[in-house]
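Colleague: Using UniProt numbering, read the sequence shown as starting at 1 and increasing by one per residue.
Built from N, CA and C at the ideal position, the CB exists for glycine as well.
This one's a predicted model, so the numbers in the text were calculated from it and none came from an experiment.
Here you go, one structure.
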Amino acid sequence: MAETGKEALANLLNEERRFPPHPDFAKAANVDASAYESARSDRLAFWETQARRLSWNKDWDEALDWSNAPFAKWFVGGELNVAYNCLDRHVEAGLGDRVAIHWEGEPGDSRSITYAELSAEVRRAANTLTDLGVESGDRVVIYMPMIPEAAVAMLACARIGAIHSVVFGGFSVDALAGRIDDAGAKLVVTADGGYRKGKASGLKDTVDAAADRCESVEKVLVVKRTEQEVAWNDRDLWWHETVAGASDEHEARAFDSEHPLFILYTSGTTGKPKGILHTSGGYLTQASYTHHAVFDLKPETDVFWCTADIGWVTGHSYIVYGPLSNGATQVMYEGTPDTPHKGRLWEIVEKYKVSLLYTAPTAIRMFMKWGDDIPAQHDLSSLRLLGSVGEPINPEAWIWYREHIGGGTAPIVDTWWQTETGAIMISPLPGVTTAKPGSAQVPLPGIEIDVVDDDAQSVPDGGGGFLTIREPWPSMLRGIWGDEERYRETYWSRFENQYFAGDGAKRDEDGDLWLLGRVDDVMLVSGHNISTTEVESALVGHDSVAEAAVVGASDPVTGQGIVAFVILRGDVESSPEHLKQLRTHVADTLGPIAKPRQVMVVSELPKTRSGKIMRRLLRDIAEDREVGDVTTLQDSSVMSRIKDGLSSSDD
Ligand code: 6R9
């Protein structure tokens, strides 16, 4: 641990396991080490080469205009149509019969949709949107379950130059109305409902209540999915009565490379949600290239599956734009992983012979808790690569994922990125990088990442600090919708000329990056900044623990004391002795400074819809306060259940 007072973040965890790529995988990989060299010798030329993987109606004059920093323009003067790039060009290349989406409904219904079919449906939807008065630059809110029409609606917007804003199908009337209002959306696309946890859950009533409050909404387009009763208003139209009958002839007009493509709201930790704005050419270039490079996609043979919801940026970049621009065949699943049974995901992997799987650490830890025997009942031998996104993956979860899902051989790509970055920024390249469990490792070719101290100076290898991005990248956000100042303030004011990501990180002795969680969550114990991630990983490293969340609670002696919430594996029974063991285990792994003051056993943790633990709420419990704003929780009743069921140990 660094001794100086300038230490930004302590470096406690030591992980020695190494997994080099299998030589056969490396030999056949889409991208080899030469990509790093070409990006290093000419970064902009490297990104121009990646942009040429797409089809442009008009070539660009300049790769990057950064003269108005922090507002970037990429592929300046170029023109393209994003939807054409995702669909029509594959059909024109003779791939119309290739399956684009194997869709699996929660109740067990399924549909396989080819590129020709998806392309035609998007053209019909584009004609319908135009008929409804939606024009280039207008905003459309999409509030849908995980059904193919969600992707169709997004692509129809892209095709006509309308800006989509997808809102999670689980969000409340308030959250939805706030987002509709902020964007001034003309149209809302929704469904009667969707299936989750074995039940039809309604969406239309939430849209009705939100639209009643929002003057901008002119029409509501409704897909029939669950066939439940819905109220009907003058502004409502059924999808099957409009889109289904529309013409499938539609010319894809070319738009400027910087034409806005979508807004996606991130909740952030406090305040009003930020509408993150993305544009066309640069975004698609990086979403497409990273999908090709990081997942090693072979479109002729692979079956890709990203389990994210479409309302999360991961669903935008790695269900819609990345995979479709690359002509991939992919799986899309409507429901939850435990419906009707805990092996549902593995049953789907087996059914479609999924070869590339992309999911979140929260899901992996849940599978660990459910037990090894569940995936073992299915043939998972088709899987040849696994991905992780959303949070740091604890080394033990990484090892479990590789062993029990990846057959002990599949490489794992731990991909760090954000809504704001648009696409993957830090990740191993599966054919190049010797993997270290728990580390996202290296910036992708063409991406300049740093870890800096409070004074914006790079920390040496072995040091910890703040993760920053030193150079503009193609899929970077172009601002916050309607709030230029907040964009500068949030991302560009803490360090001069560097993008501040809000994450803590350390650089190990080899220069590899380890993400350490949000800097807002860092704990200050006896003058040391300790990351939540390292303590959580140490706890998950104990045989009995499936999942852990730690927070710093104010402490009269140490400033903050570490309070841990743990979910135990399978049938483990807790006892005061066991909880004491856990505290000792952390001290043995990381040093006495990181020993939790208190460990509490819980059966669940408060999470956002993308699976991120909301430590702010746990801090309220640890400090015995009223629990704060729970509106972005996946399940808002979880907090009272946690409070009621606590059992804990302290000295
Ligand atoms: C894609 C996405 C962004 C935040 C990010 C960081 C965390 C995402 C991670 C990771 C460690 C990874 N995060 N991937 N932390 N390792 N591989 O998640 O976007 O929902 O905007 O969240 O998620 O804290 O800053 P978003």
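Just tell me which of Ile621, Val572, Asp131, Ala126 has its CA closest to the CA of methionine 368.
Modeller: Locating residue 368 in the sequence shown gives position 368, where the first residue counts as 1. Selected option, being the one with the closest Cα: Val572.
Colleague: Excluding sequence positions up to five away, which residues of its chain have a Cβ less than 7 Å from the Cβ of aspartate 208?
Modeller: Looking up residue 208 in the sequence shown gives position 208. Cβ within range, chain order: Ala231, Asn233.
Colleague: What is the DSSP secondary structure of threonine 415, reduced to helix, strand or coil?
Modeller: Taking the first residue of the sequence shown as position 1, residue 415 is located at position 415. In this structure, threonine 415 counts as coil in the three-state DSSP scheme.
Colleague: Kindly provide the ranges of any beta strand (DSSP E) runs that are 3 or more residues long and lie completely inside the UniProt domain "AMP-binding enzyme C-terminal" (534-612), ordered along the chain.
Modeller: Entirely contained in the UniProt domain "AMP-binding enzyme C-terminal" (534-612), the beta strand (DSSP E) runs reaching 3 residues are, in chain order, 545-555, 559-568, 598-601.
Colleague: Taking a contact to mean a Cβ-Cβ separation below 9 Å, would you say arginine 253 touches isoleucine 163 in this structure?
Modeller: To locate residue 253, count along the sequence shown from 1; it is residue 253. To locate residue 163, count along the sequence shown from 1; it is residue 163. For arginine 253 and isoleucine 163, no; Cβs fall outside 9 Å.
Colleague: Taking all protein chains shown into account, decide if glutamine 457 is buried (16 or more other Cβ within 10 angstroms of its Cβ) or exposed.
Modeller: Position 457 of the sequence shown, counting from 1, holds the residue named residue 457. So glutamine 457 ends up on the exposed side.
Colleague: What is the DSSP secondary structure of proline 338, reduced to helix, strand or coil?
Modeller: In the sequence shown, the residue the question calls residue 338 occupies position 338. In the sequence on display, residue 338 carries aspartate and not proline. Looking at aspartate 338 - three-state DSSP - the assignment turns out to be coil, as it is neither helix nor strand.
Colleague: Starting from the N-terminal end, write out each residue whose C-beta falls within a distance shorter than 7 Å of any non-hydrogen atom of ligand 1.
Modeller: That query returns the following residues: Thr266, Trp312, Val313, Thr314, Ser388, Val389, Gly390, Glu391, Pro392, Ile393, Asp414, Thr415, Trp416, Trp417, Gln418, Thr419, Glu420, Ala440, Ala501, Gly502, Asp503, Leu515, Gly517, Arg518, Ser610, Lys612.
Colleague: Quick one: grab the DSSP three-state call for aspartate 208.
Modeller: What you label residue 208 is simply residue 208 of the sequence shown in a count that begins at 1. Looking at aspartate 208 - three-state DSSP - the assignment turns out to be helix.
Colleague: May I ask you to report which of helix, strand or coil DSSP gives alanine 423?
Modeller: Counting from one through the sequence shown, the residue named residue 423 turns up at place 423. If DSSP states are grouped into helix, strand and coil, alanine 423 belongs with coil.
Colleague: Mind checking residue 653: buried by the 16 CB within 10 Å criterion, or exposed?
Modeller: Here the chain comprises residues numbered 1 to 651, so residue 653 is not present and cannot be evaluated.
Colleague: Under the three-state reduction of DSSP, which class applies to aspartate 236: helix, strand or coil?
Modeller: For the purposes of this step, residue 236 is identified with residue 236 of the sequence shown, where counting begins at 1. Residue state, collapsed to three classes: strand.
Colleague: Within 8 Å, do at least three Cβ pairs link the segment 379-390 to the segment 408-421?
Modeller: Yes, they touch.
Colleague: For threonine 532, I'd like the list of residues in its chain whose CB is within less than 6 Å of its CB, leaving aside the five on either flank, ordered along the chain.
Modeller: One-based indexing of the sequence shown puts residue 532 at position 532. Excluding residues within five positions, the ones whose Cβ falls inside 6 Å are Gly517, Asp521, Val550.
Colleague: Between glycine 611 and alanine 363, which are expected to be in contact by the criterion C-beta below 8 Å, what is the C-beta distance as a whole number of angstroms?
Modeller: Working through the sequence shown from its first residue, we reach residue 611 at position 611. Working through the sequence shown from its first residue, we reach residue 363 at position 363. The pair is a contact, with the Cβ atoms about 7 Å apart (cut-off 8 Å).
Colleague: Between tyrosine 358 and alanine 28, what straight-line distance do the alpha-carbon atoms span, to the nearest angstrom?
Modeller: What you label residue 358 is simply residue 358 of the sequence shown in a count that begins at 1. What you label residue 28 is simply residue 28 of the sequence shown in a count that begins at 1. Computed Cα separation, rounded: 20 Å.
Colleague: Alpha carbon to alpha carbon, what distance is there between glutamate 484 and tryptophan 239?
Modeller: Mapped onto the sequence shown, residue 239 falls at position 239. Mapped onto the sequence shown, residue 484 falls at position 484. Approximately 36 Å, taken between the alpha carbons.
Colleague: Just to confirm the assignment, what range does the alpha helix (DSSP H) spanning alanine 39 have?
Modeller: Along the sequence shown, one-based indexing puts residue 39 at 39. Segment 34-41, the alpha helix (DSSP H) holding alanine 39.
Colleague: Closest by CA to proline 472, which one among Ala423, Glu534, Ser112?
Modeller: In the sequence shown, the residue the question calls residue 472 occupies position 472. Here the closest residue by C-alpha is Ala423.
Colleague: Which same chain residues end up closer than 6 Å to valine 313 when comparing Cβ atoms and leaving out the 5 residues on each side of it in sequence?
Modeller: Looking up residue 313 in the sequence shown gives position 313. If we look at valine 313 and ignore the five residues flanking it on each side, its Cβ neighbours are Leu264, Thr419.
Colleague: With a Cβ-Cβ cutoff of 9 Å, do phenylalanine 25 and aspartate 296 count as a contact?
Modeller: As a first step, residue 25 must be located in the sequence shown, where it is residue number 25. As a first step, residue 296 must be located in the sequence shown, where it is residue number 296. Yes, these two residues count as a Cβ contact at 9 Å.
Colleague: For arginine 17, I'd like the list of residues in its chain whose CB is within less than 8 Å of its CB, leaving aside the five on either flank, ordered along the chain.
Modeller: In the sequence shown, residue 17 corresponds to position 17, counting from 1. Contacts found: Pro395, Ile399, Lys436, Pro437.
Colleague: Determine the contact status of glycine 275 and glycine 482, defining contact as a CB-CB distance below 9 Å.
Modeller: The sequence position of residue 275 within the sequence shown is 275, counting from 1. The sequence position of residue 482 within the sequence shown is 482, counting from 1. A contact, by the Cβ cut-off of 9 Å.
Colleague: Distance check for glutamine 598 and leucine 618, CA to CA, integer angstroms please.
Modeller: Working through the sequence shown from its first residue, we reach residue 618 at position 618. Working through the sequence shown from its first residue, we reach residue 598 at position 598. Answer to the nearest angstrom: the Cα atoms are 13 Å apart.
Colleague: Could you check how far apart the C-beta atoms of alanine 200 and valine 140 are, in whole angstroms? I think they sit under 8 Å.
Modeller: On the sequence shown, residue 200 is found 200 positions in, with the first residue counted as 1. On the sequence shown, residue 140 is found 140 positions in, with the first residue counted as 1. With a Cβ gap of about 25 Å, alanine 200 and valine 140 do not count as contacting.
Colleague: Could you tell me whether the segment 80-93 touches the segment 108-125, where touching means 3 or more Cβ pairs closer than 8 Å?
Modeller: Touching, yes.
Colleague: Do you know offhand how far leucine 221's Cα is from glycine 315's?
Modeller: Position 221 of the sequence shown, counting from 1, holds the residue named residue 221. Position 315 of the sequence shown, counting from 1, holds the residue named residue 315. Near 21 Å, if we compare the C-alpha coordinates of glycine 315 and leucine 221.
Colleague: Could you tell me the alpha carbon to alpha carbon distance between alanine 246 and arginine 124, rounded to whole angstroms?
Modeller: Numbered from its first residue, the sequence shown carries residue 246 at position 246. Numbered from its first residue, the sequence shown carries residue 124 at position 124. The alpha-carbon atoms of alanine 246 and arginine 124 are separated by roughly 5 Å.
Colleague: Expressed to the nearest angstrom, what Euclidean distance is found between the alpha-carbon atoms of asparagine 14 and serine 439?
Modeller: Taking the first residue of the sequence shown as 1, we reach residue 14 at position 14. Taking the first residue of the sequence shown as 1, we reach residue 439 at position 439. Straight-line Cα distance between these residues: approximately 11 Å.
Colleague: Any idea what DSSP makes of methionine 639, helix, strand or coil?
Modeller: Counting from one through the sequence shown, the residue named residue 639 turns up at place 639. Correct three-state label for methionine 639: helix.
Colleague: Just how far apart, CA to CA, sit tyrosine 491 and lysine 272?
Modeller: In the sequence shown, residue 491 corresponds to position 491, counting from 1. In the sequence shown, residue 272 corresponds to position 272, counting from 1. Approximately 16 Å between the Cα atoms of the pair.
Colleague: The alpha helix (DSSP H) with leucine 284 in it runs from where to where?
Modeller: Looking up residue 284 in the sequence shown gives position 284. Per DSSP, leucine 284 belongs to the alpha helix (DSSP H) from 281-294.
Colleague: May I have a chain-ordered list of the beta strand (DSSP E) segments no shorter than 3 residues that lie completely inside the segment 64-92?
Modeller: List check, beta strand (DSSP E) in window: 73-76.
Colleague: Does the count of Cβ pairs from the segment 324-336 and the segment 188-199 closer than 8 Å reach three?
Modeller: Yes, the segment 324-336 is in contact with the segment 188-199.
Colleague: Indicate the three-state DSSP secondary structure (helix, strand or coil) for isoleucine 393 in the structure shown.
Modeller: Mapped onto the sequence shown, residue 393 falls at position 393. Coil at isoleucine 393, not helix or strand.
Colleague: Quick one: Cα of valine 217 to Cα of aspartate 543, how far?
Modeller: For the purposes of this step, residue 217 is identified with residue 217 of the sequence shown, where counting begins at 1. For the purposes of this step, residue 543 is identified with residue 543 of the sequence shown, where counting begins at 1. Using only the alpha carbons, I get a separation of about 53 Å.
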